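A short write-up of the structure that comes next.
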Amino acid sequence: MTPVLQVSGLKTHFFTRAGVVKAVDGVDFSVAKGEVMGLVGESGSGKSITGFSILGLIDPPGRIVEGSVRFNGVELANAPEAALQTLRGNRIAMIFQDPMMTLNPVLRIDTQMMEAIAAHERVDRKTAWQRSRDALGLVGIPSPEERLRAYPHQLSGGMRQRVAIAIAFLNRPDLIIADEPTTALDVTIQGQIIHEAQKLTHQMGTAMIWITHDLAVVAGLADRISVMYAGRIVEQGPTDSVIDRPLHPYTVGLLGSVPTSNKRGERLFQIEGMTPNMLALPEGCAFAPRCRRANGACARQPQIEDIAGRAVRCFHPHTAAAAE
Amino acid sequence: MTDATTQVAAPRAPARVETPFQRFASEFLESRIATAALLVLLTIIVLAVLAPWITPQNPYDLAQVDVLDGRLPPGSEAYAGYTMWLGSDGAGRDLFSAILYGLRISLSVGVASGIIALAIGMAVGLLAAYAGGRTETIIMRVVDLQLSFPATLVALMLVAVLGKGIDKIILALVVAQWAYYARTVRGTALVERSKEYVEAAACLGLSNARVVFRHILPNCLAPLIVVGTVQTASAISLEATLSFLGVGLPQTEPSLGVLIANGFEYMLSGRYWISVFPGLALLLTVVTINLVGDQLRDVLNPRLKK
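In the order they appear, the protein sequences are chains G and A.
According to the working numbering, the first sequence is numbered sequentially starting from 1.
According to the working numbering, the second sequence is numbered sequentially starting from 1001.
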């Protein structure tokens, strides 16, 4: 089956006055129809920039310097703006982190939703309105007719994120990029939003890239996980195996620092050190300075290796743990 | 989490959806001074608009103006039989009538130049904020250059070159004031532009023009309205200044400034009313517009929200 999205060797660099920031530096992954791919990493690891690169929404001084983004077989990397504009919101939609900020405060919900339809299709207002209402119903918003007439400030955070999801699904896109859509919400609402998103992707066969720093969120949602560190994917594989038997020391560290109930009273594990300065990345493995397993070999750049059906970028993977 | 969807916490929908305008109106009316100022201003506007129907004399119609009525003190009876409550000027014009007709000119000049300057400044400011780069630099340096001259000086020079007449004075006022609007719009548009909803709009595949005019512009309106009212008031007083100096409007179209200038020479001879009443009318207009503008700023500025 051909994947909906095939990203290979993607490099997005920012040419700042202080130097070149290699925000995304050689990322490969693909997403199949109906599949949810979790893109995990801490702040500044390049996961959001990866999302924006797919949509071609990188503002100067940044640009895609290398690699390809093939969407349904069409090359998107450095494609003309007009071509990208017809895809955005139509075939590829995006959901943002902060539902308080993504809706225009001075426009009513119906205006914003109908506008999203009208941007890509010639439909009369009545049809557009009906589709907007149905979309709100689909994401579990009660009495959608009333909500359509509301302004964003009259809705709660969770409600607004539902509206944002409804807008994303309006034109039945093939791919949705969700950039930390639950981070700004409290845990119960988080659960509901994840549930709705999962239900809709399965119903409509939409592929989804779920960008997050929260492993707990993707654990229950994603089919596959890609872990990013300093602009590169360090581990990639099916969710269950990555969560249960992480191979890369960074993934091990991430999973270890999730607070769980059986560690009550103990000190929580944390990965030592700080995220690296993106202006001065180490020569070899970017994680080496914080890694307990690092030795002389790590002065070189590790390549992606296939271990037990997973892609890992490390000289010293936790294969012993994998064998257990 | 299993029955999460059935338990969606729906906030009670308000029975009547309050539009932003309704909210704004009720907040505006909270201040008594501003409400009073708004009422006075509206009265002034209504009087000015209805001038031809409520004044006893048309000061533009020379057949109705009698030189024998000249310089009569307030309360005198005119030759034609009506009472001149505010007296008359040197040419025998009834001051009450002349002030209302003068207000018509002053207000329309102020509003027209305000609207034109706002449209130009808004377009230029939005362009600067959205285009960025060299376009922005060039536009904003021109704005800086313009703002470094006093508005009176710019307008005075232009009117001296262009000559008298309503159209010329409006042009001069527009040139003197567009930069204030441009700077205000550019400032707010820069802030709005970096907000996430603009990025979200771009992600929906909306065109640049649509993002700018439909999404960014409405969010810039609040400061623009405030600057608009204050600048309209200053346009009115600037016009009065120019007319007072004799470079604004001609004697045949007496605006408030012309009326004040006409009475100026009589001040020392005790005929105060010829200058003072038009002056009070001008003062009242400008002060009420500014009071309304102040309250608008308080209501529209989120940082001053209680």
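Quick reminder that beta carbons are idealized off the backbone N, C-alpha and C, glycines included.
Note that the structure is predicted; figures quoted are calculated from it, not measured.
Among the options, which one has its Cα closest to the Cα of residue i?
i: ASP1118 (chain A); options: A:ARG1023, A:THR1184, A:SER1031; result: Note that residue 1118 (chain A) is Leu in the sequence shown here, rather than Asp. Minimum Cα distance to LEU1118 (chain A) is reached at A:THR1184.
i: ASN47 (chain G); options: G:SER30, G:ALA23, G:PRO60; result: According to the sequence shown, residue 47 (chain G) is Lys rather than Asn. Among G:SER30, G:ALA23, G:PRO60, the Cα nearest to that of LYS47 (chain G) is on G:ALA23.
i: GLN192 (chain G); options: G:GLU283, G:GLN161, G:GLY89, G:THR102; result: G:GLN161
i: SER257 (chain G); options: G:GLU266, G:PRO246, G:LEU247, G:ILE271; result: G:ILE271
i: SER156 (chain G); options: G:LEU87, G:SER30, G:ALA184, G:GLY137; result: G:ALA184
i: VAL1109 (chain A); options: A:ALA1131, A:GLU1253, A:PRO1150, A:GLY1270; result: A:GLU1253
i: ALA1036 (chain A); options: A:ASP1298, A:VAL1287, A:ASP1069; result: A:VAL1287
i: THR1232 (chain A); options: A:LEU1284, A:GLN1064, A:GLN1177; result: A:GLN1177
i: LEU103 (chain G); options: A:ARG1271, A:LEU1256, A:PRO1278, A:VAL1211; result: A:VAL1211
i: LYS1168 (chain A); options: A:GLY1087, A:ALA1098, A:ALA1112; result: A:ALA1112
i: VAL970 (chain A); options: A:LEU1050, A:ASP1089, A:THR1152; result: Here chain A covers residues 1001 to 1306 and nothing more, so residue 970 (chain A) does not appear.
i: ALA166 (chain G); options: G:GLN236, G:ASN90, G:GLY62, G:HIS316; result: G:ASN90
i: ALA308 (chain G); options: G:GLU283, G:LEU281, G:SER241; result: G:SER241
i: PHE1096 (chain A); options: A:GLY1133, A:PRO1052, A:ALA1129, A:ILE1116; result: A:PRO1052
i: HIS195 (chain G); options: G:ALA286, G:ARG147, G:ALA222; result: G:ALA222
i: PRO152 (chain G); options: G:VAL187, G:PRO105, G:PRO302, G:TYR229; result: G:PRO105
i: THR212 (chain G); options: G:MET278, G:GLN97, G:PRO60, G:ALA77; result: G:GLN97
i: PHE1224 (chain A); options: A:GLY1114, A:TYR1082, A:LEU1147; result: Checking the sequence shown, residue 1224 (chain A) turns out to be Leu, not Phe. Of the listed residues, the one whose Cα sits closest to LEU1224 (chain A) is A:GLY1114.
i: LEU55 (chain G); options: A:GLU1239, A:ASP1294, A:GLY1205; result: A:GLY1205
i: TYR1101 (chain A); options: A:SER1194, A:ALA1063, A:ALA1048, A:ILE1139; result: A:ALA1048
i: LEU200 (chain G); options: G:GLU35, G:GLU42, G:ILE58; result: G:GLU35
i: THR1135 (chain A); options: A:ASP1144, A:ALA1209, A:VAL1124; result: A:VAL1124
Name, in chain order, the residues that DSSP records as bridge partners for residue i.
i: ASP179 (chain G); result: G:ILE211
i: GLU115 (chain G); result: DSSP, once it has assigned bridges, lists no residue as partnering GLU115 (chain G).
i: MET37 (chain G); result: G:ILE209, G:ARG224
i: SER1207 (chain A); result: According to DSSP, which records beta bridges pairwise, SER1207 (chain A) is partnered with nothing at all.
i: SER68 (chain G); result: G:SER8
i: GLN236 (chain G); result: G:SER226, G:ALA311
i: MET100 (chain G); result: None; MET100 (chain G) has no bridge partner.
i: ALA93 (chain G); result: G:ILE176
i: VAL331 (chain G); result: Lying outside 1 to 324, the shown extent of chain G, residue 331 (chain G) is not represented and no answer is given.
i: ASP59 (chain G); result: DSSP output for ASP59 (chain G) lists no bridge partner at all.
i: GLU1077 (chain A); result: A:THR1083
Buried or exposed for residue i, going by 16 or more other Cβ atoms inside 10 Å?
i: ASN1301 (chain A); result: exposed
i: ASP25 (chain G); result: buried
i: TRP1273 (chain A); result: buried
i: HIS318 (chain G); result: buried
i: GLU305 (chain G); result: exposed
i: ARG310 (chain G); result: buried
i: PRO144 (chain G); result: buried
i: ARG245 (chain G); result: buried
i: PHE81 (chain G); result: The displayed chain sequence assigns Glu, not Phe, to residue 81 (chain G). Burial call: exposed.
i: ARG232 (chain G); result: buried
i: MET37 (chain G); result: buried
i: ARG267 (chain G); result: exposed
i: THR127 (chain G); result: exposed
i: GLU1265 (chain A); result: exposed
i: VAL1198 (chain A); result: buried
So residue i and residue j are in contact, right, with Cβ under 8 Å, and what is the actual spacing, rounded?
i: CYS314 (chain G); j: VAL234 (chain G); result: 7 Å
i: LEU1171 (chain A); j: SER1237 (chain A); result: Contact flag wrong, Cβ pair sits at about 18 Å.
i: ILE1289 (chain A); j: THR1241 (chain A); result: 16 Å between Cβ atoms; not a contact.
i: GLY51 (chain G); j: ILE209 (chain G); result: 7 Å
i: ILE92 (chain G); j: ILE177 (chain G); result: 7 Å
i: ARG293 (chain G); j: PRO249 (chain G); result: 5 Å
i: ASN171 (chain G); j: HIS202 (chain G); result: 18 Å between Cβ atoms; not a contact.
i: ILE1307 (chain A); j: LEU1126 (chain A); result: The requested residue 1307 (chain A) does not occur in the structure, where chain A is confined to residues 1001 to 1306.
i: LEU1038 (chain A); j: VAL1227 (chain A); result: Not confirmed; about 18 Å, so no contact.
i: ALA1128 (chain A); j: ILE1139 (chain A); result: 4 Å
i: VAL1159 (chain A); j: GLY1081 (chain A); result: Not a contact, Cβ separation roughly 40 Å.
Under 8 Å, CB to CB, which of the residues in the stretch 103-128 of chain G have a partner in chain A? Taking a C-beta cut-off of 8 Å against chain A, the contacting residues of the stretch 103-128 of chain G are LEU103, ASN104, PRO105, VAL106, LEU107, GLU115, ALA116, ALA119, HIS120, listed in chain order.
Chain A contacts from the stretch 71-85 of chain G (Cβ-Cβ distance under 7 Å): GLN85
With 7 Å as the limit, tell me which residues of the stretch 39-71 of chain G have their beta carbon closer than that to any beta carbon of chain A; keep them in chain order. Those would be LEU55, LEU57, in chain order.
Where the stretch 1189-1202 of chain A meets chain G: residues whose CB sits under 8 Å from a CB there: Per Cβ criterion, the list reads LYS1195, GLU1196, TYR1197, GLU1199, ALA1200, ALA1201, ALA1202.
Using a Cβ cut-off of 8 Å, which residues of the stretch 1204-1217 of chain A contact any Cβ in chain G, in chain order? Within the stretch 1204-1217 of chain A, contact with chain G at the beta-carbon level (separation under 8 Å) is assigned to LEU1204, GLY1205, LEU1206, SER1207, ARG1210, ARG1214, HIS1215.
Check distances from the C-beta atoms of the stretch 1217-1231 of chain A to those of chain G and list, in chain order, the residues that come in under 7 Å. PRO1218, ASN1219
What residues in the stretch 205-235 of chain G bring their beta carbon closer than 8 Å to a beta carbon of chain A? none
Near-chain A residues of the stretch 11-32 of chain G - C-beta to any C-beta below 9 Å: none
Below 8 Å between beta carbons is the criterion; list the residues of the stretch 283-297 of chain G that meet it against any residue of chain A, in chain order. none
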